[in-house]
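Quick note on numbering: the sequence shown equals residues 22 to 306 in the numbering used here.
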Amino acid sequence: MISTRINKTEKIADDLYVITETESVHCYLLIGEEKALLIDCGYGYEDIHPIIQSITMLPVILAVTHGDPDHALGAGHFGDLWIHPLDYGKLLMNDNPSVKSKMLTYRLNKMPQLKGAIEEDIYINTPISQKLNPHFLLNHDVIDLGGKHVEIFHTPGHSYGHIMFLEQETGRLFSGDQLTANNIWHFLSSDEQAAFSETFNSLKRLGEARDRITALYPAHNKSPVGIEYLDDLVECFDHELEENYKEDVPFQSPMGEGYKHRYKTVDLIYSDERLADFLGHRIQR
Numbered sequence: 022m023i024s025t026r027i028n029k030t031e032k033i034a035d036d037l038y039v040i041t042e043t044e045s046v047h048c049y050l051l052i053g054e055e056k057a058l059l060i061d062c063g064y065g066y067e068d069i070h071p072i073i074q075s076i077t078m079l080p081v082i083l084a085v086t087h088g089d090p091d092h093a094l095g096a097g098h099f100g101d102l103w104i105h106p107l108d109y110g111k112l113l114m115n116d117n118p119s120v121k122s123k124m125l126t127y128r129l130n131k132m133p134q135l136k137g138a139i140e141e142d143i144y145i146n147t148p149i150s151q152k153l154n155p156h157f158l159l160n161h162d163v164i165d166l167g168g169k170h171v172e173i174f175h176t177p178g179h180s181y182g183h184i185m186f187l188e189q190e191t192g193r194l195f196s197g198d199q200l201t202a203n204n205i206w207h208f209l210s211s212d213e214q215a216a217f218s219e220t221f222n223s224l225k226r227l228g229e230a231r232d233r234i235t236a237l238y239p240a241h242n243k244s245p246v247g248i249e250y251l252d253d254l255v256e257c258f259d260h261e262l263e264e265n266y267k268e269d270v271p272f273q274s275p276m277g278e279g280y281k282h283r284y285k286t287v288d289l290i291y292s293d294e295r296l297a298d299f300l301g302h303r304i305q306r
């Protein structure tokens, strides 16, 4: 296995590896008998094909949980990309020098040791869209890797086309940004993120498969985590958020401002506008 200054590689099991880009984004490599599946590909600060080939020489299918820069801009190194159709436009929107420059500056400020490891001008000014050959994944589609079958769950919320990947044989669920020990971001405009009501409904639908899920593998922070992360977020939307949001504290980030709500395993970042739409009344603090 190869690790670099930008990407670190860890073996989770004989058939599962995680490539973590810039100590932030987990990209999971799931290996079947005939093919391998790479779930998310990071910002794409470097081509990770040598890392993958140090693990397996099987053909690799690249699929992404959603079209955010830190999950999908690396698709430019692959060409073929599997994504939900509602997030393909989001990916193309993020494929521009302004977004790439902003994201790169943010990352280098957090990790100045990476200065010089990334070909900055090439990264910022080379569009990936002209290299992409998109394929679309829909709810309950199944990817056959040979002896391993991965079912797609459409879970709109963090983005309209957010999807999760459930390996049917083991119950491992790759949950992207919608179920994570990291902040769960829901404060951007309705153009980019689904309403809380849609998020809540998608989580309840996922909960119908709860008995099939053994562990969650999020795209950030601690991994794996338990099924309680799903239970807690459903509880949060079901009643707890409405009862306790007045105790929430302001939250600031380079992406914008909002509030942070904490409940058990949940760290939910949201805006008053989004919460008001969900509760059906103005927010008073």
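Here a beta-carbon is modelled for each residue, glycine too, at the ideal position from N, C-alpha and C.
L58 and Y250 have their alpha carbons spaced roughly 24 angstroms apart. For G97, same chain residues with a beta-carbon under 6 angstroms away, outside a window of 5 residues either side, are G65, I149 and K152 in chain order. By the neighbour-count criterion, in which a residue is buried when 16 or more other Cβ atoms sit within 10 angstroms of its Cβ, N146 is exposed.
Pairwise C-beta distances place the region 212-220 out of contact with the region 236-247, as fewer than three of them are shorter than 8 angstroms. In this structure, G178 keeps its C-beta atom at 8 angstroms or more from the C-beta atom of G88. Each of D35, E294, F272 and T43 was checked against the Cα of N130, and the nearest Cα belongs to T43. Take the alpha-carbon of K169 and the one of E190: they are about 6 angstroms apart. Ranked by Cα distance from E229, the options K121, I27, H161 and Y109 are led by H161. Going by beta carbons, E263 and L300 fall inside the 8 angstroms limit. DSSP, reduced to helix, strand and coil, places E278 within a strand of the structure shown. CA-CA distance, P271 to S292, rounds to 10 angstroms. The way I'd put it, the region 121-136 doesn't touch the region 197-208; fewer than three beta-carbon pairs between them come closer than 8 angstroms.
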